[in-house]
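Data block below; observations after.
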Amino acid sequence: MSDLVTDELIDLQKSADAERRRASGLDGEERRDQWERWRAAAERVQAAITEHAASAGLSRFEVERAVKKVVRHPEDSSAA
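Per our numbering, the sequence shown runs over residues 1 to 80.
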């Protein structure tokens, strides 16, 4: 793992992805409620990515890309 990615960012992204998956198959109010939980989790990860990139002098885009690669494509992430 490089300076682009931290364990905290990985955990936050995994949480947001899990919340989004939980919306699958739901409808009505259950889906809206789950969608709100996903949106809140996504906002947390986006804020953390922005803060990390700014404090480390990194490209926000590159940090987000690296985090998503590690979480969603771990087999390809050894160079992230």
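The C-beta atom is built at its ideal place from N, Cα and C for all residues, glycine as well.
Restricting to Cα atoms, I'd like to know which of Val71, Asp17, Lys68 is closest to glutamine 34. Taking the first residue of the sequence shown as position 1, residue 34 is located at position 34. Restricting attention to Val71, Asp17, Lys68, the CA atom closest to the CA of glutamine 34 is found in Asp17.
Histidine 52: first and last residue of the uninterrupted alpha helix (DSSP H) it sits in: Here residue 52 refers to the residue found at position 52 of the sequence shown. Run containing histidine 52: 28-56, per the alpha helix (DSSP H) assignment.
First through last residue of the alpha helix (DSSP H) which encompasses glutamate 8: Walking along the sequence shown from the start, residue 8 turns up at place 8. That run of the alpha helix (DSSP H) goes 7-22.
For glutamate 10 versus valine 63, is the C-beta distance shorter than 8 Å? Mapped onto the sequence shown, residue 10 falls at position 10. Mapped onto the sequence shown, residue 63 falls at position 63. With the sequence shown as reference, residue 10 is identified as isoleucine, and glutamate is not the correct amino acid for it. Going by C-beta atoms, isoleucine 10 is not nearer than 8 Å to valine 63.
Between the CA atoms of aspartate 3 and lysine 14 - distance to the nearest angstrom: Locating residue 14 in the sequence shown gives position 14, where the first residue counts as 1. Locating residue 3 in the sequence shown gives position 3, where the first residue counts as 1. Cα-Cα distance, rounded: 19 Å.
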